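Asker: So the protein lines, in turn, are chains A and B.
The first sequence begins at 1 in our numbering and counts up by one.
The second sequence begins at 1 in our numbering and counts up by one.
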Amino acid sequence: MIIRWVCGKCNKKWIYPIEKCVYCKGDITKQKGTKIKVVGVTKVFIPSPMHPIIPYNILLLQDEFGNRIPRKTMKDYKIGDNFILQKAKTKDAVAVVKVKYDIYEAIKEATGLLNGIELNADDKILIKPSIIAAAYPYQAVNTNPDFLNALLSVLFELGIKKENVIVAEQALIGSDATDAASKSGILEVCKKNGIEFVDISKGPFEEVESDGYKFRIFKEAMNRKVINSPIMKTNFQLVISGAQENLSRLVDEKTQREMYFDNIEKTLPKLAKAIPDVFTIADATNGMQAQGPLALGEPAFLNLILASRNATALDSVFCEISMLEIPPNNTLIKGIDVKDVEVVGNELDALKYPIKSANPHDSAHPDIKIIDGKACPACLNIMHNLISKLIGLRGTEINLVIGSMLTEDMLKGRERLVVLGDCAIKKMDELNIKSVARINENIDEIEQLVLLKKMLTTEGQPKITAVDKVKSKMKKLLSKVIS
Amino acid sequence: MYIKGVGMTKFGAQTSTSQELVYEAVLEALEDADFKIGDIDAVVTSSIDTESNGERQRLFSSVVSSILKKKVPIVTATAVCGGGGAALWTANKLDYDNVLVVGVEKLLSNNSMNITDEIMMAAERIYEQTEGLNFPAQNALVAQQYMLKYGATTDDFALVAYKNHKNAFFNPKARFYKKEVTLKQIKKSPVVASPLRLFDCSLSVNGAAAAILTKDKSDVEIIGSSLFVDRLSTFESEDMTSWQATTLAANEAYNQAGITPNDVDVVEIHDAFTSVELISYEDLGFCKKGEGKELIRKGITNLDGKLPVNTSGGLKAKGHPISATGISQIYELVKQIRGESGERQVSNIKYALAQNIGGAGSSVSVHILKRVSS
């Protein structure tokens with residue numbers, strides 16, 4: 001489809017969305033060309049960072065109104081050919097659509113390519129965005145509010161009643177969902193559209209068994225059609241936070257911890273199977289690259305909408321497009337072979353360019369390296385908060401050990417190990433590996449900070465002494481008095 | 001305004017910093033004008049803030065102030081490849097006695113992928129950049145439409161490249177100075193974006209060019225100076241084979257100068273791609289639409305033709321350091337008007353025209369210069 005914004009009075013056309021004609025103040029309507037022909041073709045032989053695979057073709061397409069756009073393709077076309085996008089033939093297909101200044105149209109095109117979302121006017125819908133922490137939209141930590149707004153418009157156009165729609169999410173364990181929803185702009189979109197925002201952490205939950213694993217799943221997710229709307233981000237633990245990871249916050253806190261303890265890569269696919277009706281429409285407008293999934297990552301201007309009934313397929317396609325390297329033992333992304341996935345909209349090779357991947361060992365502090373045994377969101381949150389408070393304080397490198405999926409290989413040759421969180425402490429005991437310090441997750445944050453600071457700023461093999469513990473308790477007391 | 005002095009560096013792959021390039025070009029312009037830097041009342045600069053060259057130096061007017069030790073109004077006019085012309089146009093509007101104009105680019109300082117990307121930033125982000133429409137591709141689509149509409153061929157494009165390379169052979173400041181290029185080489189060069197080949201594309205180079213404009217009479221007068229800005233994307237135009245910003249700028253410049261295209265004796269055209277030179281013959285009024293190919297086929301725009309075009313070698317063979325290009329065109333025309341062009345000298349010049357384009361016909365300046373009799 002080719003879109004122009006046209007003044008109803010003077011017929012001037014824009015390639016950008018505008019609301020009023022600057023010449024005659026006339027109202028603007030969208031002109032959508034659907035009968036599209038190829039009027040020009042060039043085969044390009046020079047690569048660029050966003051287009052590393054050559055040769056590729058660029059078509060000059062023209063619609064029935066004479067409007068033109070360029071379009072990249074790996075397929076060969078001739079001048080005069082009709083340009084028609086094929087709709088999906090398989091149920092696990094993934095649609096990938098580029099946003100041309102209009103997220104609403106891109107969502108419509110993506111879902112249309114998958115032959116529609118299959119909704120009835122009376123259906124009850126749960127939209128599950130990613131809102132993991134209090135962050136502004138430009139930081140790309142959470143689903144873009146403009147994306148949610150466009151998605152709601154698409155649903156309303158299908159006849160869905162606003163009283164039948166809820167937007168539900170819980171932030172990372174230890175963070176407040178409503179605070180996060182407010183800062184992310186999502187709450188405002190909900191209010192504007194008359195939609196209720198629901199904090200999943202408050203429940204209720206119901207126990208569901210899937211492939212022999214017990215989950216306590218948010219009841220509404222079992223009773224409604226779920227529109228899974230993650231923002232596509234890099235993730236230092238899982239390569240990406242995408243369609244599958246977003247579902248992990250549809251369960252209660254205890255289940256989340258258990259899922260990570262029992263290997264999130266194995267438990268997440270079971271959870272995906274347990275939720276009866278999930279359709280993913282993913283926000284990759286401004287996604288995230290580098291040290292995601294929190295604000296240490298960088299916004300990546302990807303300008304894409306992805307959609308699929310199969311969350312694993314969607315994640316795999318995103319990784320393929322982004323040219324992210326998947327570790328051989330990663331079963332989450334490799335749960336499906338991307339070669340077996342039907343991709344509609346744009347071709348994979350025409351979309352591919354490398355975004356910055358997350359380094360699993362890097363933190364926001366140059367002297368704190370991470371050894372991650374797939375820590376749960378609770379420990380991740382504690383870790384990020386602690387490290388952020390130590391930025392600017394140089395010291396001797398320490399290796400912060402988190403998560404339960406630790407192995408001897410991961411720890412081999414690493415010195416100055418500081419273990420954070422009960423799961424990691426337990427696993428270190430099982431492996432019989434010594435550390436210089438252990439930080440329990442149930443002690444106060446100030447105490448945790450004092451301990452970590454000492455580890456960072458003390459040479460050799462520092463130990464936490466009784467004096468340190470007293471000092472940290474006094475600091476805690478002092479902060480309480482001051483507050 | 002009059003042009004009192006001009007200067008430019010050699011266009012090439014030198015490792016000099018932007019500051020050094022500016023200094024070299026300005027020094028030559030001052031000497032040419034017999035001026036001291038203290039005589040300058042204002043400066044207009046142009047540079048695209050190339051990130052890939054590692055300089056990361058954004059407040060360029062103050063950089064120029066530091067180099068020249070000048071505390072005067074210094075403004076920066078940018079229009080990517082058309083920046084030099086836009087700077088000249090701005091300087092010509094300023095109400096100062098003596099204005100220095102200087103354009104510079106240190107472009108050739110990274111791998112070709114990153115340079116391609118750097119230049120692609122001048123294309124529209126959502127419709128063009130994300131679709132891989134780099135500048136060769138953008139101009140390839142235009143060239144194809146032009147060929148389909150008017151029957152021009154890739155052989156015509158090759159003739160443009162051949163002509164400009166022949167001219168650059170005689171230009172000591174050109175990247176291809178004393179380097180012979182055959183028509184066969186041009187036609188056999190690899191396809192970059194079909195139908196355009198490598199030798200249809202201008203050369204990314206480093207360089208700077210400067211001019212000193214004065215209110216005092218000199219031997220070269222600016223009698224036409226026009227700048228028009230149009231849409232960013234060519235596909236937005238009703239007719240992709242004619243760039244309206246050129247026709248508008250040319251018409252205004254001819255009106256200011258009180259001349260017609262027939263009066264022009266020598267031309268510097270923005271041949272970022274060989275196809276652009278043909279289209280520009282038409283948009284500048286040197287022939288009717290669709291007849292640009294005849295000018296090159298008949299040799300009219302050759303050095304010894306009726307209307308020599310790109311005697312410097314043009315962007316094609318002299319080189320194209322983005323923001324310096326427009327001022328380097330003025331350098332060439334001033335030298336031609338004064339009779340200082342050596343082996344590439346055109347005889348009996350009264351009027352000279354320079355066309356400088358930013359983007360694919362997005363920002364176009366046209367300047368007409370006149371030889372002033374003493």
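For each residue, glycine too, the CB sits at the ideal point set by N, CA and C.
No experiment lies behind these values; they were computed from the predicted model shown.
Which residues, in order along the segment 96 to 120 of chain B, keep a beta-carbon less than 8 angstroms from a beta-carbon of chain A?
Answerer: Those residues of the segment 96 to 120 of chain B that come within reach of chain A (Cβ to Cβ, closer than 8 angstroms) are Ser-112, Met-113, Asn-114, Thr-116, Asp-117 and Met-120.
Asker: Does the contact criterion of 3 or more C-beta pairs under 8 angstroms hold for the segment 192 to 207 of chain B versus the segment 26 to 46 of chain B?
Answerer: Result no; under three Cβ-Cβ pairs closer than 8 angstroms.
Asker: State the Cα-Cα distance for the pair A/Glu-430 and A/Asn-359, rounded to the nearest angstrom.
Answerer: Residue 430 of chain A sits at position 430 when you count from the first residue of the first sequence. Residue 359 of chain A sits at position 359 when you count from the first residue of the first sequence. Roughly 27 angstroms separates the two Cα atoms.
Asker: For the alpha helix (DSSP H) holding B/Ser-363, just list the boundary residues, first then last.
Answerer: Taking the second sequence and counting its residues from 1, the one referred to as residue 363 of chain B is at position 363. Premise fails: B/Ser-363 lies in the beta strand (DSSP E), 363 to 371, not in any alpha helix (DSSP H).
Asker: Among the residues of its own chain, which have a CB less than 6 angstroms from the CB of B/Ser-225, if the five just before and after it don't count?
Answerer: Start at 1 with the first residue of the second sequence, and residue 225 of chain B comes out as number 225. Correct list, in chain order: Trp-89, Asn-92 and His-367.
Asker: Between B/Phe-235 and chain A, is the shortest Cβ-Cβ distance under 9 angstroms, so that the two count as touching?
Answerer: For the purposes of this step, residue 235 of chain B is taken as the residue at position 235 of the second sequence. Taking Cβ atoms only, chain A reaches closer than 9 angstroms to B/Phe-235, which makes this a yes.
Asker: What is the DSSP secondary structure of B/Thr-76, reduced to helix, strand or coil?
Answerer: Numbered from 1 along the second sequence, position 76 holds the residue referred to as residue 76 of chain B. Residue state, collapsed to three classes: strand.
Asker: Let's test the definition: count the other Cβ atoms within 10 Å of the Cβ of B/Gly-54 and tell me whether it reaches 16, buried, or not, exposed.
Answerer: If you number the second sequence from 1, residue 54 of chain B lands on position 54. B/Gly-54 is exposed by the Cβ-count criterion.
Asker: Since A/Ala-95 and A/Ala-110 should fall inside the 8 angstroms C-beta cutoff, what is the C-beta to C-beta distance between them, to a whole number of angstroms?
Answerer: Working through the first sequence from its first residue, we reach residue 95 of chain A at position 95. Working through the first sequence from its first residue, we reach residue 110 of chain A at position 110. With 8 angstroms as the limit, A/Ala-95 and A/Ala-110 qualify as a contact, their Cβ atoms being about 4 angstroms apart.
Asker: Helix or strand or just coil, what does DSSP make of A/Tyr-213?
Answerer: Residue mapping note: residue 213 of chain A aligns to position 213 of the first sequence, counting from 1. Note: A/Tyr-213 maps to strand in three-state DSSP.
Asker: Could you spell out the range, first to last residue, of the beta strand (DSSP E) harbouring B/Ala-42?
Answerer: On the second sequence, position 42 is the one that residue 42 of chain B refers to. B/Ala-42 -> beta strand (DSSP E) spans 42 to 46.
Asker: Considering only C-alpha positions, which residue in the set A/Ile-53, A/His-51, A/Ile-231 and A/Tyr-213 is nearest to A/Gln-139?
Answerer: As a working note, residue 139 of chain A is residue 139 in the first sequence. When only C-alpha atoms are compared, the closest one is A/Ile-231.
Asker: Kindly say whether A/Leu-324, judged by its beta-carbon, lies nearer than 9 angstroms to any beta-carbon of chain B.
Answerer: Numbered from its first residue, the first sequence carries residue 324 of chain A at position 324. No, A/Leu-324 lies away from the interface with chain B (no Cβ there is under 9 angstroms from its Cβ).
Asker: Given A/Lys-43, which residues of its chain have a CB within under 7 angstroms of its CB, disregarding the five upstream and five downstream residues?
Answerer: Here the question's residue 43 of chain A lines up with position 43 in the first sequence. Result list for A/Lys-43: Pro-55 and Asn-57, in chain order.
Asker: Which residues, taken in chain order from the segment 26 to 45 of chain A, show a beta carbon closer than 9 angstroms to some beta carbon of chain B?
Answerer: Listed by position, the residues of the segment 26 to 45 of chain A near chain B (Cβ gap below 9 angstroms) are Val-39, Gly-40, Val-41, Thr-42, Lys-43, Val-44 and Phe-45.
Asker: By Cβ distance below 8 angstroms, which residues in the same chain neighbour A/Pro-70 in space, the five residues on each side in sequence not counted?
Answerer: As a first step, residue 70 of chain A is located in the first sequence; it is residue number 70 there, counting from the start. Excluding positions up to five away in sequence, the list reads Ile-58, Leu-59, Leu-60 and Leu-61.
Asker: Let me know the secondary structure DSSP gives B/Tyr-150 once reduced to three states.
Answerer: In the second sequence, residue 150 of chain B corresponds to position 150, counting from 1. In the structure shown, B/Tyr-150 sits in a helix (DSSP, three-state: H, G or I).
Asker: By DSSP's criteria, B/Trp-89 is part of a beta bridge. Which residues make up the other side?
Answerer: As a position in the second sequence, residue 89 of chain B is number 89, starting the count at 1. DSSP, once it has assigned bridges, lists no residue as partnering B/Trp-89.
Asker: Rounded to whole angstroms, what's the CA-CA distance from B/Thr-190 to B/Lys-184? Just pull it up for me.
Answerer: Counting from one through the second sequence, the residue named residue 190 of chain B turns up at place 190. Counting from one through the second sequence, the residue named residue 184 of chain B turns up at place 184. Reading off the sequence shown, one finds Pro at residue 190 of chain B, where the question assumed Thr. Answer to the nearest angstrom: the Cα atoms are 12 angstroms apart.
Asker: At the level of alpha carbons, what is the spacing between A/Thr-465 and A/Ile-131?
Answerer: As a working mapping, residue 465 of chain A is identified with position 465 in the first sequence. As a working mapping, residue 131 of chain A is identified with position 131 in the first sequence. Looking at the two C-alpha atoms, the distance is approximately 39 angstroms.
Asker: Tell me where the alpha helix (DSSP H) around A/Cys-423 begins and ends.
Answerer: Here residue 423 of chain A refers to the residue found at position 423 of the first sequence. It spans 422 to 431 - the alpha helix (DSSP H) in which A/Cys-423 sits, taken as one unbroken run.
Asker: Identify the continuous alpha helix (DSSP H) that holds A/Lys-475 and give its terminal residues.
Answerer: Here residue 475 of chain A corresponds to residue number 475 of the first sequence, with the count starting at 1. Segment 466 to 482, the alpha helix (DSSP H) holding A/Lys-475.
Asker: Going by other Cβ atoms of all chains shown within 10 Å of its Cβ, with 16 needed for buried, is A/Cys-490 buried or exposed?
Answerer: Since the first residue of chain A shown is 1 and the last is 483, residue 490 of chain A is not available in this structure.
Asker: Would you report the Cα separation of A/Ile-227 and A/Gln-31, rounded to the nearest angstrom?
Answerer: On the first sequence, residue 227 of chain A is found 227 positions in, with the first residue counted as 1. On the first sequence, residue 31 of chain A is found 31 positions in, with the first residue counted as 1. So the alpha carbons of these two residues sit roughly 29 angstroms apart.
Asker: Any heavy atom of the ligand SAM closer than 8 angstroms to the CB of A/Ala-284?
Answerer: Only the bare structure without any ligand can be found here, which leaves the ligand SAM out of the picture.
Asker: Compare the beta carbon distance of A/Gly-395 and A/Asp-367 with 9 angstroms and say whether it is the shorter of the two.
Answerer: Start at 1 with the first residue of the first sequence, and residue 395 of chain A comes out as number 395. Start at 1 with the first residue of the first sequence, and residue 367 of chain A comes out as number 367. Contact: yes.
Asker: Taking the DSSP output, what are the residues bridged to A/Ile-281?
Answerer: For the purposes of this step, residue 281 of chain A is taken as the residue at position 281 of the first sequence. Its beta-bridge partners are A/Ala-307.
Asker: DSSP three-state call for A/Glu-71: helix, strand or coil?
Answerer: Position 71 of the first sequence, counted from the first residue, corresponds to residue 71 of chain A. One point to set straight first is that residue 71 of chain A is Arg, not Glu, in the sequence displayed. Strand.
Asker: Between the segment 118 to 128 of chain A and the segment 158 to 177 of chain A, can you find at least three pairs of beta-carbon atoms closer than 8 angstroms?
Answerer: Flag = yes, the segment 158 to 177 of chain A and the segment 118 to 128 of chain A touch.
Asker: Just how far apart, CA to CA, sit A/Lys-9 and A/Ala-282?
Answerer: One-based indexing of the first sequence puts residue 9 of chain A at position 9. One-based indexing of the first sequence puts residue 282 of chain A at position 282. A/Lys-9 and A/Ala-282: Cα-Cα distance of roughly 37 angstroms.
Asker: Pull up the distance between the alpha-carbon of A/Glu-79 and that of B/Gln-145, whole angstroms please.
Answerer: Along the first sequence, read from residue 1 onward, the residue named residue 79 of chain A stands at position 79. Along the second sequence, read from residue 1 onward, the residue named residue 145 of chain B stands at position 145. The amino acid occupying residue 79 of chain A in the given sequence is Ile; Glu does not appear at that position. Going by the C-alpha atoms only, they are around 11 angstroms apart.
Asker: Quick check on the burial criterion: 16 or more other C-beta atoms within 10 angstroms. Buried or exposed for A/Ile-84?
Answerer: If you number the first sequence from 1, residue 84 of chain A lands on position 84. A/Ile-84 is exposed by the Cβ-count criterion.
Asker: Which of the residues in the segment 162 to 188 of chain B, read from start to end, lie with their CB under 9 angstroms from any CB of chain A?
Answerer: Result list empty, no residue passes.
Asker: Give me whichever residues DSSP pairs with B/Trp-243 in a beta bridge.
Answerer: Here residue 243 of chain B refers to the residue found at position 243 when the second sequence is read from its first residue. Note: B/Trp-243 sits in no beta bridge, so no partner.
Asker: Any C-beta of chain B sitting closer than 9 angstroms to the C-beta of A/Ile-107?
Answerer: If you number the first sequence from 1, residue 107 of chain A lands on position 107. It does not: the Cβ of A/Ile-107 has no partner Cβ on chain B nearer than 9 angstroms.
Asker: Could you pull out every residue in the same chain whose Cβ sits closer than 6 angstroms to the Cβ of A/Pro-299, ignoring the five residues on either side in sequence?
Answerer: The count along the first sequence starts at 1 and reaches residue 299 of chain A at position 299. Counting only Cβ-Cβ distances below 6 angstroms, and skipping sequence neighbours, we find Ala-140 and Asn-286.
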